[in-house]
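Numbering-wise (this note's numbering), the sequence shown opens with residue 417 and increments by one.
Cβ coordinates follow ideal geometry from the N, Cα and C atoms, glycine included.
Everything numeric in this text was worked out from a predicted model, so none of it was measured.
Report on the structure given below.
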Amino acid sequence: MTNRTLNAALQQIAATTPIEAHNLLQAFIKEQQNLGLANGLPVGGKAKDFELKDTFGRGISLYEELSKGPVVLTFYRGGWCPYCNRQLRAYQEVLPDIQALGSQLIAVSPQLPDSTLSFKEKAELTFQVLSDPKGLVSAGYRLLYDVPESLKQLFMEMNIDLKEYNGTEHWILPVPATFMIDEHAVIRSAFVTPDFMKRMEPDEIIRELRSL
């Protein structure tokens, strides 16, 4: 999948959003951008180690995986998010290229393991998909934010109950982000944006991995 194809697919999803909801979401995105919150860990900084459970309940350590080679670490909102679905399917398409470069892909969301497993099977993803239900890892990577009341109401109208998906009393989400991390746990490249309608492109991931 090319950059243009993924971008076009994401824009097509955005085009189906009702105008009132679209305006509300755009206002939220602009506010987040102006506040400069949840900007993620900086390029050149060190990635934080963590251990999260995969869809089979196994603990996966980032640093342990880095001992095998570079990691593409992507944070997404959840399987309920159509932008995330399209993004991860696009990443699945280039997974053979990622692996051919001696790297691997790990995806993290705040969803509970059961929801994550259902999503992984439905989307036919073969890379690691980890559950961060309390958002502690997302917070450590400076990505977590509290969902405002205006968006809570919109989500509930769309039958999206984050407390149910994430198993927490707090409505929290990570800003979508993708980090390219080398074997020394150094963040070599990052794509972080409060605009959840945009993601790091598959072609860019491959280019960055080749430069490591």
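With a cut-off of 8 Å on the beta carbons, I'd call residue i and residue j a contact; round off their distance for me.
i, j, result
"residue 563", "residue 589", "6 Å"
"residue 490", "residue 523", "5 Å"
"residue 594", "residue 549", "The Cβ separation is near 21 Å, so there is no contact."
"residue 603", "residue 459", "5 Å"
"residue 495", "residue 531", "6 Å"
"residue 543", "residue 511", "6 Å"
Using a 10 Å radius around the Cβ and a threshold of 16 neighbouring Cβ atoms, would you call residue i buried or exposed?
i, result
"residue 624", "buried"
"residue 437", "exposed"
"residue 626", "exposed"
"residue 506", "buried"
"residue 514", "buried"
"residue 468", "buried"
"residue 582", "buried"
"residue 424", "exposed"
"residue 418", "With a pLDDT of only 44 at residue 418, under the threshold of 50, the placement of this residue in the model should not be trusted, and no figure is reported."
Are the CB atoms of residue j and residue i within a distance shorter than 8 Å?
i, j, result
"residue 493", "residue 612", "yes"
"residue 473", "residue 520", "no"
"residue 422", "residue 617", "yes"
"residue 457", "residue 465", "no"
"residue 587", "residue 614", "no"
If I measure Cβ to Cβ from residue i and keep anything under 8 Å in the same chain, skipping five residues before and after, which residues do I get?
i, result
"residue 433", "441"
"residue 454", "448, 558, 559, 560, 561, 590, 591, 608 and 610"
Among the residues of its own chain, which have a CB less than 7 Å from the CB of residue i, if the five just before and after it don't count?
i, result
"residue 601", "462, 463, 479 and 482"
"residue 504", "492, 523, 539 and 541"
Spatial neighbours of residue i within its chain, please: C-beta separation below 6 Å, excluding the five flanking residues on both sides.
i, result
"residue 598", "486, 604 and 628"
Give the list of continuous beta strand (DSSP E) stretches no shorter than 3 residues that lie fully inside the stretch 519 to 582.
The beta strand (DSSP E) runs lying completely inside the stretch 519 to 582 and spanning 3 residues or more are 520 to 525, 544 to 547 and 560 to 562, given in chain order.
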